[in-house]
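Here the structure comes first, spelled out in structure tokens, and everything after it is commentary.
Numbering (this note's numbering), first residue to last: 1033 to 1513.
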């Protein structure tokens, strides 16, 4: 590059990066500060969360917004066009009763739509592996033409045999009355059905709110329909039918909406009243789980035998707590399921500190690196210690299994399995395919002169820096996993 005569020549200075006294956690910590994540952010199901995990809904929420718009528009038109005339000509209690019903309907709708229906947590990898071993042990040895039987277990509830089915997605045996929702991709306790009108599954934790919602909505629909007809009739007696429609055009829309929706809402309320009185779910009634057609002695083991008791158990019993802890923080020492767009789940290992401690123990102690003209080690070792035969002036080394001093070499072995389970920080440190080799180091008895250790032999800055750089590179690779 050409430089002018009058331009001063700038000297480039290169600062040497010293990795001897710096910790990898310090070099990584200043780049990106870890923000604790909550469990709802890695939830494996197909749910959507709002308000920092407080609101839990299904992914398909379009019909829920349609339900909300129909209720609010119809009620708003009723309060704006019909209630003033009815309050002045009949009684002021009509808008008051309508307002109480309206707010109660919205409260039950939001409670049924935004709450956890009773999702069962999925098995961890260790739990799933242990369950697989139990299933394989129960089924016996498998041959080439062996076909495993269906994965079921049987339990007896009030004298009735109930089968527990295995969920291949959640890796658990579902409890009685639980089922897997294909839309939300979750196993739900006491699963009733998936309701698109509320935008959520209906299960053990929100069934009472769903029932109170449809029941109160039935009363609200009948209430609006009846008093809108009353409003039109009273106006027709004064000014005629056509004039009444011109004076209150919104009444026509209210009548049409209420007329076409009241039949389905009232019918659904009656059906769920029957289910509550017999202590059944919609899923059990559709499948005919407790029908006499299956067997003569088939009966519902969950019924208390009394309609009033069944209703009290469904509507007034204690509300069970949520089992998924969706707002809890992810622990760094436990694997967490990671959600995917197709609903499948994988478990991301979050044991970063554990892997760092295993891969780079040099960072957690003050080791001594043995230099000199000794032979190179078979792969960079992650553990360097002197032999136990140190001079009396040196601090004694605690006894460790697998360390032995034979002759003039210090050998590291696994006394139990004779297999070396080492964590290597980089692919270059992987041992040769010929098999693991014991780690041999010069014994301290041959490193001392006159009972003292030579500092030049115990510490080699070049070797220390090289090994530390490899450890830092390994940490960067581990943090990107």
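In this text, a Cβ means the ideal position worked out from N, Cα and C, and glycines have one as well.
Here the structure is a predicted model, which means the values were calculated and not measured.
Is the CB-CB distance between residue 1246 and residue 1300 below 9 Å?
Against a cut-off of 9 Å, the Cβ pair of residue 1300 and residue 1246 comes out as a contact.
Enumerate, from N- to C-terminal direction, the unbroken beta strand (DSSP E) stretches of 3 or more residues contained entirely within the region 1193 to 1262.
The qualifying runs are 1211 to 1213, 1218 to 1220, 1225 to 1227 and 1232 to 1234.
Would you mind stating whether residue 1202 and residue 1233 have Cβ atoms separated by less than 9 Å?
Not in contact: residue 1202 and residue 1233 (Cβ atoms no closer than 9 Å).
Candidates 1310, 1353 and 1318: which alpha carbon is nearest residue 1333's?
That would be 1310, whose Cα lies nearest to the Cα of residue 1333.
Between the region 1143 to 1159 and the region 1102 to 1119, do at least 3 Cβ pairs fall closer than 8 Å?
Short answer: they don't touch.
Return the first residue and the last residue of the beta strand (DSSP E) that residue 1079 is part of.
It spans 1079 to 1082 - the beta strand (DSSP E) in which residue 1079 sits, taken as one unbroken run.
Could you check what DSSP says for residue 1189 in three-state terms: helix, strand or coil?
Residue 1189: strand per DSSP, three-state reduction.
Can you list, in chain order, the residues of its chain whose CB lies under 6 Å from that of residue 1209, leaving out five sequence neighbours each side?
So the qualifying residues of the chain are 1222.
Measuring alpha carbon to alpha carbon, tell me which of 1283, 1238 and 1275 ends up nearest residue 1257.
Ranking 1283, 1238 and 1275 by Cα distance to residue 1257 puts 1283 first.
With a CB to CB cut of under 7 Å and the five nearest residues on each side skipped, what residues in its chain are close to residue 1315?
The residues are 1211, 1223, 1224 and 1225.
Within its chain, find whatever has a CB closer than 6 Å to the CB of residue 1250; leave out the 5 residues flanking it on each side and keep chain order.
So the list reads 1297, 1298 and 1301, once near-sequence residues are dropped.
Taking the beta strand (DSSP E) that residue 1090 falls in, what are its first and last residues?
Per DSSP, residue 1090 belongs to the beta strand (DSSP E) from 1087 to 1090.
Indicate the three-state DSSP secondary structure (helix, strand or coil) for residue 1184 in the structure shown.
Of the three classes helix, strand and coil, the one that applies to residue 1184 here is strand, per DSSP.
Under DSSP, the alpha helix (DSSP H) around residue 1110 begins and ends at which residues?
First-last for residue 1110: undefined, no H or E at that position.
Out of 1192, 1190 and 1185, point me to the one whose CA is closest to residue 1198's CA.
Among 1192, 1190 and 1185, the Cα nearest to that of residue 1198 belongs to 1185.
At the level of alpha carbons, what is the spacing between residue 1277 and residue 1116?
Approximately 16 Å between the Cα atoms of the pair.
The alpha helix (DSSP H) with residue 1150 in it runs from where to where?
Taken as a continuous stretch (DSSP letters only), residue 1150 belongs to no alpha helix (DSSP H), as it is neither H nor E.
Please check the pair residue 1280 and residue 1270, which I expect to be a contact at CB under 8 Å, by giving their CB distance rounded to whole angstroms.
Not a contact, Cβ separation roughly 12 Å.
Would you kindly check if the distance between the Cβ of residue 1337 and the Cβ of residue 1216 is under 9 Å?
No, the Cβ-Cβ distance between residue 1216 and residue 1337 is not below 9 Å.
Which same chain residues end up closer than 7 Å to residue 1263 when comparing Cβ atoms and leaving out the 5 residues on each side of it in sequence?
Excluding sequence neighbours, residue 1263 sits near 1114, 1117, 1118, 1280 and 1283.
By the DSSP assignment, the alpha helix (DSSP H) with residue 1169 in it spans what residues?
That run of the alpha helix (DSSP H) goes 1157 to 1171.
Within 8 Å, do at least three Cβ pairs link the region 1134 to 1149 to the region 1287 to 1297?
No: fewer than three Cβ pairs fall under 8 Å.
Check each candidate in 1121, 1109, 1156 and 1120 and name the one with the smallest Cα separation from residue 1131.
Closest by alpha carbon: 1109.
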